[in-house]
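Notes to accompany the following structure.
So, in structure tokens, the structure goes:
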């Protein structure tokens, strides 16, 4: 019996049974009560979690609005007076009114900032029953006033102070400038300075104009006086005469740079002088850059406030 059971166990082993219950001897047909402890196979499953961090670059454009307060320049006001001498009769047709009209064409006429007011003073300067102030409200009125007075002006050659432009400048300074905030300008024409007698002194008039902050320009008519037999005592050169005229003009203008010699009133001679005067005045303006290239590099007034000194 034992042999039979052994044989069966061997056979079952051959057949590769994993659990051979009958390989251990037992007194009964029941399975053995003692069994080998089960083998626990521990399977460790390692789960690798890859954490992918995506860095997203965000560019933030910040627009900063800077509030800039622009201080606008304040344009000047101009009051410009013309002081006329006797009629320049060295040429058949006197073109001085035409040159004046060309000059005032450069300005916007009026009493406000960036504008100019004009007036004129004819001779005689004592008797205002003949000629008053040509305070023109517009360009045409000024031109017509000067033109109307011009023909009559020749008739008053013998009137009072016909040769003294110093007296004329005094009256212009004292009576015809009322606005302190405006740039005050006097343009004095001199047909000639006849010095066959005692020399008139214009220093007092020039000092008064400077004290009252009146910028004075003097324009001589050289064709009328230089070389004329009654214009000098004789024996002096034209160069000496011109130097003398500049010296006399400086007494009124206080600056030889504001004394001009014009051969006559023709456009090619007098207009360039008016252009220089206009350039001078515009270079005083704090807003001069708005005038384009009119302000030359050799301007007389690099400081806008220098005219007040």
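Numbering (mature numbering (1 follows the signal peptide of the UniProt record, and there is no 0)), first residue to last: -22 to -1, 1 to 287.
The C-beta atom is built at its ideal place from N, Cα and C for all residues, glycine as well.
From the DSSP output, which residues share a beta bridge with residue i?
i           : result
residue 289 : Since the first residue of the chain shown is -22 and the last is 287, residue 289 is not available in this structure.
residue 240 : 199
residue 194 : 164
residue 61  : 99, 166
residue 86  : 93
Between residue i and residue j, which are expected to be in contact by the criterion C-beta below 8 Å, what is the C-beta distance as a whole number of angstroms?
i           : j           : result
residue 197 : residue 251 : 6 Å
residue 57  : residue 157 : 6 Å
residue 239 : residue 183 : Between residue 183 and residue 239 the Cβ distance is about 20 Å, and since that is not below 8 Å, they are no contact.
residue 90  : residue 55  : 7 Å
residue 249 : residue 80  : 6 Å
residue 148 : residue 186 : 6 Å
Output needed for residue i: all residues of its chain with C-beta closer than 6 Å, excluding positions within five of it in sequence on either side, in chain order.
i           : result
residue 59  : 97, 150, 154, 164
residue 236 : 195
residue 161 : 54, 56
residue 232 : 184, 188
residue 227 : 196, 237
residue 180 : 144, 229, 230
residue 85  : 94
residue 152 : none
residue 256 : 84
residue 222 : none
By Cβ distance, which residues of its chain are closer than 7 Å to residue i, with the 5 residues on each side in sequence left out?
i          : result
residue 51 : 264, 265
residue 92 : 53, 86
Can you name, in chain order, every residue of its own chain whose Cβ lies under 8 Å from the Cβ of residue i, other than the five neighbours on each side?
i           : result
residue 77  : 243, 245, 248, 249, 252
residue 159 : 55
residue 254 : 238
- In chain order, each alpha helix (DSSP H) run of at least 4 residues that lies wholly inside the stretch 240 to 265: 245 to 260
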